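K.L.:
Going line by line, the protein sequences match chains H and W.
Sequential numbering of the first sequence, starting at 1, is according to the working numbering.
Sequential numbering of the second sequence, starting at 1, is according to the working numbering.
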Amino acid sequence: MSLTLGRAPRGGAVRTPGRGTSPALRRRPRKALAWQIGLYALLIGLALVYVYPFLVQLATSVKTEADAAADPVSLVPDPLTWSAYARLFLRSDFPVWFANSAIVTVLVTAGRVFFDSLAGYALARLHFRGRGVIFAALVAVMAVPTVVLLIPKFLVINQLGIYDSYAGMVLPLLVDAAGVFIMKNFFESVPASVEEQARIDGAGTFRIFWSVVLPMARPALVTIVILSFQGSWNELSHFIVAAQSPDLTTLTKGVASLASGQLSQGSQYPIKLAAAAIMTIPVAVVFFVFQRRIMNTSEGAVKE
Amino acid sequence: MSLLATPRDAGYRSGPDRARNGAGRGIRRGEAAAGWLFMLPVLVILGVFLLVPVLMALWVSFSDWSGRGSPLSSGVGFVGLDNYAAVTTGGGLAERDFGIALRNNTWYVLLVVPLQTALALFLAVLVNRAVLRGRGVFRTAFYFPSVTSSVAITVLWLFLFSTSGVVNTVLARVGIAGPNWFNDPSGVLHNLLGALGLRTGPDALTQHGFLGVTWWDWLAGPSVAMSAFVLMAIFTTSGTFMLLFVAGLQNIAPEVEEAAMVDGAGAWQRFWRITLPQLKPTLFTVLTLGLIGCWQVFDQIYTGTQGGPGKTTLTPAYLSYQSAFLSQDWGQGAAIAFILFVIIVLLTILQRWILRERPDVPRRARRGGPNPHPNPDRTTEADR
């Protein structure tokens, strides 16, 4: 795939050159350099297209509304003002939204780390009747599209009397089939001899799991933490159907209501973009801290 | 497939295990109980919040429940397929809305899936080059939009594509008058035809239709507003799929590629003949994930346009939510959700069937490159 090292079609009379090559490729070194420069120019251009929206978001959040409307493209606020942030934190429900998102995210992440690894360990290591059936059922569960579950989830949450409560917002998210898979795959890669030793020493199953196996599972647990953190922080549809009280509004729901102009008049782009920027910060921090692992997570997903 | 095989293997293994345990029974004592106990939280939560709800919603889709009280109470009546009929053959507003939502989403899928796949593959090939310096930086830049929430991205998009926003300002600088993006309900294809002077469709198309929408309107293309969402989807998902393709590319043994290079295959030809066929499993994953994701457009519509302008960004997922939660038409909302489920499952199966392994090498070769020779060996010989 390396275009630079690409060979020129020698004796081009026989073959029509493809679009990617040209007869001029024969003068390789100079051509290669040109390719190289072109490639970098292309990549830098593309990267700018991907990054610029976020830069303009940050810049606009510290602009005045008039400035944001007059010169939306500029990355330099003139004048610089923190009034959008002040307004969000001092004179709106934003802190409540942030707190709710934080509470839900922490609970969901903790729950998933514990329950997913328990189930993953059982599926990987413990022998019990019905294990195959459970596993097949988990595969089926992963195939159900989430938007199809909006109405169903509401029905059950309502029926159980936990509508409009933290319980309704957190409980249904406490477990995810994909996380169970990741943990199962990890535990299968751990040599069984470690557990055998502990078992001979007389440790019970939970004790082996808790003090021997789980500490070894750090890499997989970090993966689960990242995925659940990202998933529950960015979750919108579940919170729409699980609660309606303003006290239980999460960031996603709150910012969505800001966007559709329910709370403010005028365009108010600095405030909206400041809100969007703040809700991006936690996932961005997690992303940059665990960057390498996140990239590898997706890579591992394909190999299966 | 291979995933499903694992537990069976394990079950097979447990035979000898059990025999061995006959002697040292104490060691594996209580393992079955522990297994079920360990699984219990997952089973209970998935059962209560996934299996039971789906069954309940299935019942609601066959009932006349109005949203008050419990759908399982005695006052709720069974109405058979009435809800499904209302959205597919009713002839009323419900059918028309469903038709419009399907049209919108179909155009969305037709544009987003190929474009995001092509862009992701393109980025992966660029980023994966061995000679490239700073590839981590580029990967990060392309992947970052994928980790941010769809709500935040939608807010940003509403700003970028506002009437006097960033995109239109940039367009104006190169002399193009940008459209009114999120307020423009006109179909892109209709606009193109209009530019050619064709403003009203032929009677054959305007007199007949499907699901309450005339064929002419089915062919409107995505509205300008929906096109902005299309661009957004491509922007946010290409990074994720790029990573999948990078992983796929790294799994390809370099020897084959080198052999082709020695044989004198050009870069373009090597890509189509050697790299792409080996990427087929990844390609299937990306297309399937893309297809499933594209039929579930909800967050963006809820945050951004609520289906407007002129219902041209209405999607089945949002329509299902709207019918149930806003119009209290719970039966119809549930029916739409199940129809959507069936559509997703059928399309995934269809895709799997289209992309299945076939032994017709010549056809792929003809499609793949400008080279008329189906046999790579012969090409090489002719070259020399």
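Built from N, CA and C at the ideal position, the CB exists for glycine as well.
Computed from a predicted structure; not experimentally measured.
Whole-angstrom Cβ separation of F182 (chain W) and G304 (chain W), contact assumed at under 8 Å?
P.N.:
Yes, F182 (chain W) and G304 (chain W) are in contact; Cβ-Cβ is about 7 Å, under 8 Å.
K.L.:
Any beta-carbon of chain W closer than 8 Å to the one on T205 (chain H)?
P.N.:
By this cut-off, T205 (chain H) is an interface position.
K.L.:
Within 10 angstroms of its Cβ, does T117 (chain W) collect 16 or more other Cβ (buried), or is it exposed?
P.N.:
Looking at its Cβ environment, which holds 16 or more other Cβ atoms inside 10 Å, T117 (chain W) is buried.
K.L.:
Are there three or more Cβ pairs, one per stretch, closer than 8 Å when the segment 181-199 of chain W is compared with the segment 155-169 of chain W?
P.N.:
Yes, the segment 181-199 of chain W is in contact with the segment 155-169 of chain W.
K.L.:
Starting from R199 (chain H), trace the alpha helix (DSSP H) both ways and give me its first and last residue.
P.N.:
Start and end: S193 to I200.
K.L.:
Tell me where the alpha helix (DSSP H) around E235 (chain H) begins and ends.
P.N.:
Run containing E235 (chain H): none; DSSP gives neither H nor E here.
K.L.:
Thinking just about the alpha-carbon of each residue, which of W:L72, W:G91 and W:T106 is nearest to the one in G343 (chain W)?
P.N.:
Residue identity check: residue 343 (chain W) is Ile in the sequence provided, not Gly. When only C-alpha atoms are compared, the closest one is W:T106.
K.L.:
Please specify which runs of the alpha helix (DSSP H), each continuous and at least 4 residues long, are wholly inside the segment 147-179 of chain W, giving them in chain order.
P.N.:
Runs found: 150-160 and 166-173.
K.L.:
For G69 (chain W), which residues in the same chain have their Cβ closer than 6 Å to its Cβ, ignoring the five residues on either side in sequence?
P.N.:
The answer is none, since no qualifying residue turns up.
K.L.:
With a 10 Å radius around its C-beta and 16 neighbouring C-beta atoms as the bar for buried, classify G187 (chain W) as buried or exposed.
P.N.:
Classification of G187 (chain W): buried, given that the 10 Å Cβ count is 16 or more.
K.L.:
Could you pull out every unbroken alpha helix (DSSP H) segment of at least 4 residues lying fully inside the segment 119-162 of chain H, listed in chain order?
P.N.:
With a minimum length of 4 residues, the continuous alpha helix (DSSP H) runs that stay inside the segment 119-162 of chain H are 131-142 and 150-159.
K.L.:
Please state whether DSSP places T214 (chain W) in a helix, a strand or coil.
P.N.:
Strand.
K.L.:
Could you give the DSSP three-state label for F94 (chain H): helix, strand or coil?
P.N.:
It is helical.
K.L.:
For G290 (chain W), collect the residues of the same chain with a Cβ closer than 8 Å to its Cβ; drop the 5 residues on either side in sequence, then sort them by chain order.
P.N.:
Correct list, in chain order: V112, V113, Q116, T117, T237 and F241.
K.L.:
Could you tell me whether any Cβ in chain W is nearer than 8 Å to the Cβ of P53 (chain H)?
P.N.:
Yes, contact with chain W.
K.L.:
Need the endpoints of the alpha helix (DSSP H) that A334 (chain W) sits in, please.
P.N.:
W330 to I354 is the span of the alpha helix (DSSP H), which, as asked, contains A334 (chain W).
K.L.:
Can you name the residues that DSSP bridges to G30 (chain W)?
P.N.:
Paired residues: none, contrary to the question.
K.L.:
If we count the other Cβ atoms within 10 Å of its Cβ and call it buried at 16 or more, is K280 (chain W) buried or exposed?
P.N.:
That one is exposed.
K.L.:
Verify the CB distance criterion: does L158 (chain W) have a CB-CB separation below 8 Å to chain H?
P.N.:
Yes, L158 (chain W) counts as interfacial toward chain H.
K.L.:
In chain W, which residues lie with their C-beta within 8 Å of the C-beta of I134 (chain H)?
P.N.:
Simply M39 and L43.
K.L.:
Exposed or buried, what is L33 (chain H) when buried is set at 16 or more other beta-carbons lying within 10 Å of its beta-carbon?
P.N.:
With fewer than 16 Cβ atoms within 10 Å of its Cβ, L33 (chain H) is classed as exposed.
K.L.:
Considering only residues of the same chain and omitting the five flanking positions on each side of K311 (chain W), which have a CB-CB separation below 6 Å?
P.N.:
I100.
K.L.:
Which residues in chain H sit within 9 Å of Y321 (chain W), going by Cβ to Cβ distance?
P.N.:
Here the neighbours are V147, L150, I151, S237, I240 and V241.
K.L.:
Kindly list, in the order they appear in chain W, the residues whose Cβ is closer than 8 Å to that of Y50 (chain H).
P.N.:
Those are A141, F142, F144, P145, F235 and G239, listed as they occur along chain W.
K.L.:
Output needed in chain order: residues of the segment 86-120 of chain H with a Cβ under 7 Å from some Cβ in chain W.
P.N.:
Correct list: F115, L118 and A119.
K.L.:
Spell out a yes or no on whether the segment 334-349 of chain W and the segment 308-326 of chain W are touching, meaning 3 or more CB-CB pairs, one atom from each, closer than 8 Å.
P.N.:
At 8 Å Cβ cutoff, the stretches touch.
K.L.:
Which one or two residues does DSSP pair with S223 (chain W) in a beta bridge?
P.N.:
Per DSSP, W:G187.
K.L.:
Can you tell me the Cα-Cα spacing of G24 (chain W) and A233 (chain W), whole angstroms?
P.N.:
The predicted position of G24 (chain W) is uncertain, since its pLDDT is 42 and thus under 50; no value can be drawn from it.
K.L.:
To the nearest whole angstrom, what separates the beta carbons of V190 (chain H) and M216 (chain H), a pair I think is in contact under 8 Å?
P.N.:
At roughly 6 Å, the Cβ-Cβ gap stays under 8 Å, so V190 (chain H) and M216 (chain H) are in contact.
K.L.:
Output the distance between the C-alpha atoms of V283 (chain H) and V180 (chain H), rounded to the nearest integer angstrom.
P.N.:
Approximately 22 Å, taken between the alpha carbons.
K.L.:
Mind the definition here: the segment 40-60 of chain H touches the segment 72-90 of chain H only if three or more C-beta pairs lie below 8 Å; say whether that holds.
P.N.:
The answer is yes - the segment 72-90 of chain H touches the segment 40-60 of chain H, with three or more Cβ pairs under 8 Å.
K.L.:
From what residue to what residue does the alpha helix (DSSP H) around D263 (chain W) run?
P.N.:
Looking at the DSSP string, D263 (chain W) is not in any alpha helix (DSSP H), and its letter there is neither H nor E.
K.L.:
Could you say which of H:F128, H:R87 and H:S101 lies nearest to G30 (chain W) if we only look at CA atoms?
P.N.:
Answer by Cα proximity: H:F128.
K.L.:
Within 10 angstroms of the Cβ of M279 (chain H), are there 16 or more other Cβ atoms? Answer buried if so, exposed if not.
P.N.:
It counts as buried.
K.L.:
Flag this pair as yes or no: are the beta carbons of P53 (chain W) and K253 (chain H) separated by less than 8 Å?
P.N.:
Contact flag unset, no.
K.L.:
Is the segment 97-110 of chain H touching the segment 185-201 of chain H, taking contact as three or more C-beta pairs under 8 Å?
P.N.:
Cβ pair count under 8 Å is below three, so no.
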